[in-house]
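Residue numbers (the numbering used here): 577 to 795. Beta carbons: idealized from backbone N, C-alpha and C, even for Gly. All figures in this text were calculated on a predicted structure; none of them were measured in a lab. Here's the structure, in structure tokens; my notes come after.
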């Protein structure tokens, strides 16, 4: 039986940065240098080279959105367990479910997931996830979970629409109010931790089933 709760809490410690190329690049560099603490969250006010899926850039106005990357050492989840790349499918689903649960708690149940792990409100893109993994030999050792969520930005360039999904939308546009990013970052960390906990307890099958139930197709 896997432990009821993760050994670590995502989001602790929280490292707040101002302007960097990419939170994922920064976080992975910390991992490679042996400087990262499992559970750490790196945030930025602005990214000069934000990374999205399939090599796309991620556009975000300075200080308006959640731009964060979490690092996790897999052995921290269960002592003695051997983690392999095959475990990444269920883990990725769990992260998408956590990000979706976070956004839905403020925006409502019209929040869905577009495979592999974009966050949508109705047919408009509210955020994206980029998970990058470190595999040594046959072992999955570290993961960097990059999450960008549109929060207070209320206008997007035509380039952004092409790069991060048709018709981007933010939480501010949905709710007609501005949000405290620091408070939301804490809520996101808690939602991700809870979702990882559920995955550890329930396993891949139930996690992927829940993921598929919340997925939509956007043409």
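Limits of the unbroken alpha helix (DSSP H) element including residue i
i           : result
residue 788 : 757-789
residue 750 : 747-751
Sheet register partners of residue i (DSSP bridge)
i           : result
residue 708 : 720
residue 595 : 622
residue 703 : 695 and 725
residue 611 : According to DSSP, which records beta bridges pairwise, residue 611 is partnered with nothing at all.
residue 590 : 617
residue 715 : 712
residue 792 : 690
Beta strand (DSSP E) segment containing residue i, residue limits
i           : result
residue 620 : 617-623
residue 688 : 687-690
residue 694 : 694-697
Cα-Cα separation between residue i and residue j, rounded to whole angstroms
i           : j           : result
residue 744 : residue 700 : 5 Å
residue 592 : residue 619 : 5 Å
residue 670 : residue 588 : 19 Å
residue 644 : residue 600 : 8 Å
residue 590 : residue 698 : 31 Å
residue 773 : residue 637 : 33 Å
residue 708 : residue 751 : 32 Å
residue 672 : residue 749 : 22 Å
residue 792 : residue 706 : 19 Å
residue 770 : residue 622 : 27 Å
residue 761 : residue 642 : 7 Å
residue 704 : residue 687 : 13 Å
residue 759 : residue 727 : 12 Å
residue 660 : residue 766 : 25 Å
residue 768 : residue 586 : 7 Å
residue 652 : residue 614 : 7 Å
residue 757 : residue 778 : 31 Å
residue 602 : residue 693 : 21 Å
residue 775 : residue 666 : 7 Å
residue 695 : residue 702 : 5 Å
residue 712 : residue 595 : 31 Å
residue 617 : residue 606 : 11 Å
residue 658 : residue 604 : 21 Å
residue 786 : residue 668 : 12 Å
residue 764 : residue 675 : 7 Å
residue 550 : residue 755 : No statement about residue 550 is possible, as the shown extent of the chain runs from 577 to 795 and does not include it.
residue 714 : residue 753 : 47 Å
residue 723 : residue 654 : 24 Å
Residue i: CB within 6 Å of a non-hydrogen atom of the ligand FAD
i           : result
residue 710 : Among the components of this structure there are no ligands whatsoever, and the ligand FAD is therefore not found.
Quick check for students: name the residue ranges of the beta strand (DSSP E) that lie wholly in the stretch 632-682, counting only runs of 3 or more. Fully contained in the stretch 632-682 are the following beta strand (DSSP E) runs of length 3 or more, in chain order: 642-649.
Would you call the stretch 715-729 and the stretch 632-650 in contact, with 3 or more CB pairs under 8 Å? Under the three-pair Cβ rule at 8 Å, the stretch 715-729 counts as touching the stretch 632-650.
Touch check for the stretch 772-786 and the stretch 679-693: three-plus C-beta pairs under 8 Å? Judged by Cβ distances under 8 Å, the stretch 772-786 makes no contact with the stretch 679-693, as fewer than three pairs qualify.
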